[in-house]
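First the structure, in the form of structure tokens, and then the observations on it.
In full-length UniProt numbering, the protein residues as written are 1 to 157.
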């Protein structure tokens, strides 16, 4: 059983089975999940509400194929801050740049690691030079361009 220590709440095998089904297809109706798991639809509703209140489920979202939408460049940035204390301000500024789709505070060589999506190399250059490098506190960046995404998945329960 997984246990959320701070609230002393547990999830059981039924919760995990519900999560597994929704991770495969977030649009699957609760009634179908209930049928598959041989429980009532009300049980699924109650369990989903509990999982949301526990913070295990943070919502659902539509996954867009960025390339098919005209965004052909995926790049990862190692971001060096001048001082660690500038982290929160840098995050606030970077969150306003729509091309920054992920941002992580990291250990190691970089202060932060970001994933950005751009239409093409000219767009990437603009985002790097005019937007990201303009963020106060960013000393420099290192850019790695992804040639292919080979694996994308969530953690398996």
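Cβ coordinates follow ideal geometry from the N, Cα and C atoms, glycine included.
### Query
Do the CB positions of residue 81 and residue 111 come within less than 7 Å of each other?
Walking along the chain shown from the start, residue 81 turns up at place 81. Walking along the chain shown from the start, residue 111 turns up at place 111. Their beta carbons are under 7 Å apart, which means residue 81 touches residue 111 by this criterion.
### Query
So does the region 118 to 137 actually touch the region 90 to 109, counting three or more Cβ pairs closer than 8 Å?
yes
### Query
What residue does the alpha helix (DSSP H) around residue 104 start on, and which one ends it?
Within the chain shown, the letter at position 104 stands for residue 104. No alpha helix (DSSP H) contains residue 104, which is instead part of the beta strand (DSSP E) from 100 to 105.
### Message
Going by DSSP in three states, residue 92 sits in which element: helix, strand or coil?
### Response
To locate residue 92, count along the chain shown from 1; it is residue 92. Reduced to three states, the DSSP call for residue 92 is helix.
### Query
Nearest to residue 141 by alpha carbon, out of 38, 31 and 78?
If you number the chain shown from 1, residue 141 lands on position 141. That would be 78, whose Cα lies nearest to the Cα of residue 141.
### Task
Name, in chain order, the residues that DSSP records as bridge partners for residue 144.
One-based indexing of the chain shown puts residue 144 at position 144. Per DSSP, 76.
#### Entry: Cβ neighbours of residue 23 in the same chain (closer than 7 Å, five flanking residues each side left out)
Counted from its first residue, the chain shown places residue 23 at position 23. Contacts found: 154.
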